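So for the sequence shown, this note's numbering puts the first residue at -4; every next one is plus one.
C-beta: ideal position from N, C-alpha, C; glycine also.
Given the structure is predicted, the values throughout are model-derived calculations rather than measurements.
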Amino acid sequence: MKNANTERRPAKKASRRAEYWHSFRKNKLAMVGLVIMVFLILVAIFADVIADYDTLVIGQNRRARLVPPCQEHPFGTDSLGRDVFARVVHGTRLSLSIGFVSVAISILVGGSLGCITGYYGGRVDNIIMRIVDIIMSVPSMLLAIAIVSALGSSMANLMIAMTIGQVPRFTRVVRSLMISAAQDEYVEAAKVSGASDVRIIVRHILPNIIGPVIVQATMSVASIILTAAGLSFIGLGVQPPAPEWGTMLSEARNFMLTDPYLVIVPGVAIALTVFALNTIGDGLRDALDPRQNS
């Protein structure tokens, strides 16, 4: 009997994943976003293969400065003779790293806090949620500027600022889901069977609330990439000569009228990435919504 139940569980999970994927595929815009995102991730992974960092990304060549797009330089060169295509390619790795790493840490910290506050409640819940409310009362960009200004401009400090800004959001999302799930019958049954709180949270509740967290994570990556680009643009993010997209826009603003490709290329890269992440988030939200699959 146990073997039969054990065999049914993976089959049910596989069937559920197939339903989610089928529902996601019906959203054509989300599929376009997924293709773009997979392409960007591959570019980030193989950036060193596509373009050499030392010679093309940060290496200066005054003789080749401000060369318009051509066969040798598909996206042209900047005011220091650096290849714009190579800088955008390596900027993809930087921007995606900032977004995904910051969100991963935010999920770990915010999710843990949300589980604690939502499952146990009481005084701990009140203290943590008041701190969360205080942080969320400050606009995310202003909070990031304050943190980076205090810690100093660097990629590591930028990621710390992004993480601090996102932790409260994941805390609130997980807390609300945890409060709702903790009242379900399967949780009560697990308590009666003598399961520990950690086992109940990890094995029973988290798998049932992971959908909205994934959707929130996808949207948060897009938000972080935009915020990071904004901070780099005003000189508080990733510092030159690193090829972060916001830094590239900042360096190109003096050449907007004479060499517009310097602004268009990183601008399109930011827009495409945010578009892809937002459409994937919309597709996941619809696919993981039980009302859509009923």
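Item to complete: Report the residue from L35, A185 and S10 whose alpha carbon sits nearest the alpha carbon of A266.
Response: Comparing Cα-Cα distances from A266 to each of L35, A185 and S10, the minimum goes to L35.
Worksheet item: Alpha carbon to alpha carbon, what distance is there between S191 and V107?
Response: Per the sequence shown, the amino acid found at residue 107 is Ser instead of Val. Distance between the alpha carbons of S107 and S191: 16 angstroms.
Discussion item. Please state the DSSP three-state secondary structure of T87.
Written reply: Helix, per DSSP.
Practice prompt. Take the Cβ of A151 as the centre, count every other Cβ of all protein chains shown within 10 Å, and call the residue buried at 16 or more, exposed below.
Written response: The residue in question, A151, is exposed, as its Cβ has fewer than 16 Cβ neighbours within 10 Å.
Item to complete: Go ahead and pull the three-state DSSP assignment for T253.
Response: Coil at T253, not helix or strand.
Worksheet item: Which residue or residues does DSSP assign as beta-bridge partners of D78?
Response: Answer is T72.
Worksheet entry | Proximity below 8 angstroms, CB of P238 to CB of R82 | In terms of Cβ geometry, P238 and R82 form a close pair [threshold 8 angstroms].
Worksheet entry | Exposed unless 16 or more other CB atoms sit within 10 angstroms - verdict on V52 | Under the 10 Å beta carbon count, V52 is surrounded by 16 or more other beta carbons and is classified as buried.
Fill in: CA nearest to the CA of Q211, picked from F250, V197 and A99
Distances from the alpha-carbon of Q211 to those of F250, V197 and A99 put A99 closest.
Worksheet item: Would you report the Cα separation of L75 and L257, rounded to the nearest angstrom?
Response: Cα-Cα distance, rounded: 12 angstroms.
Worksheet item: V208 and I102: beta carbons closer than 8 angstroms?
Response: Closer than 8 angstroms, so yes.
Practice prompt. Evaluate the contact criterion for the segment 215 to 223 versus the segment 132 to 141: three or more CB pairs, one atom per stretch, below 8 angstroms.
Written response: They touch, by the three-pair rule.
Practice prompt. Tell me whether the beta-carbon of A177 lies closer than 8 angstroms to the beta-carbon of I205.
Written response: The Cβ atoms of A177 and I205 lie no closer than 8 angstroms to each other.
Worksheet item: So, helix, strand or coil for N56, using DSSP?
Response: N56 sits in coil when the DSSP states are folded into three classes, being neither helix nor strand.
Discussion item. With distance defined between alpha-carbon atoms, name the residue in V263, T253 and L226 nearest to S245.
Written reply: Nearest of V263, T253 and L226 to S245, Cα basis: L226.
Worksheet item: Roughly how far, in whole angstroms, is the beta-carbon of F70 from the beta-carbon of V260, given that I think they are within contact range, below 8 angstroms?
Response: Going by Cβ atoms, the distance from F70 to V260 rounds to 5 angstroms, so yes, they are a contact pair.
Discussion item. For S18 and D281, what's the separation of their Cα atoms in angstroms?
Written reply: Roughly 8 angstroms separates the two Cα atoms.
Worksheet item: If you compare alpha carbons, which of N56, A145 and I195 is closest to Y115?
Response: Of all alpha-carbon atoms in N56, A145 and I195, the one lying nearest the alpha-carbon of Y115 is that of I195.
Discussion item. Within 10 Å of its beta-carbon, does Q161 have 16 or more other beta-carbons around it, so buried, or fewer, so exposed?
Written reply: By the neighbour-count rule (16 or more Cβ atoms within 10 Å), Q161 is buried.
Item to complete: Sort P163, T87 and L279 by Cα distance to G241 and report the nearest one.
Response: Nearest of P163, T87 and L279 to G241, Cα basis: T87.
Fill in: Which listed residue (A25, E14 and S10) has its alpha carbon closest to that of M214
Residue A25 is the option with its Cα nearest to M214.
Discussion item. As a quick exercise: from R11, L279 and S175, pick the residue whose alpha carbon is nearest that of G109.
Written reply: Proximity to G109 across R11, L279 and S175 peaks at S175, based on C-alpha coordinates.
Discussion item. For G117 and I126, I'd like the C-alpha separation in whole angstroms.
Written reply: About 15 angstroms.
Discussion item. Nearest by alpha-carbon distance to D277: which of R77, S10, L61 and V27 is it?
Written reply: Selected option, being the one with the closest Cα: V27.
Worksheet item: Using the C-alpha atoms, what's the distance from G230 back to I142?
Response: The straight-line gap from Cα to Cα measures roughly 14 angstroms.
Item to complete: Leaving out five residues on either side along the sequence, give the residues of the same chain with a beta carbon under 7 angstroms from the beta carbon of A139.
Response: Non-local beta-carbon contacts of A139 in its own chain, meaning distances under 7 angstroms to residues more than five positions away in sequence, involve A156, M157, G160, T222 and L226 in chain order.
Item to complete: From the DSSP output, in three-state form, read off D281 for me.
Response: It is helical.
Item to complete: Give the single residue among L29, H85, S10 and E14 whose Cα lies nearest to the Cα of N273.
Response: Comparing Cα positions, the closest option is L29.
Item to complete: Measure the alpha-carbon distance for R167 versus E183 and round it to whole angstroms.
Response: Per the coordinates, the alpha-carbon of R167 lies some 23 angstroms from the alpha-carbon of E183.
Worksheet item: Should V84 be labelled buried (16 or more other beta-carbon atoms within 10 Å of its own) or exposed?
Response: Residue burial is scored here from C-beta neighbours: V84 has at least 16 other C-beta atoms within 10 angstroms and is therefore classed as buried.
Worksheet item: Could you give the distance in angstroms between the alpha-carbon of R58 and the alpha-carbon of P64?
Response: So the two alpha carbons sit approximately 15 angstroms from each other.
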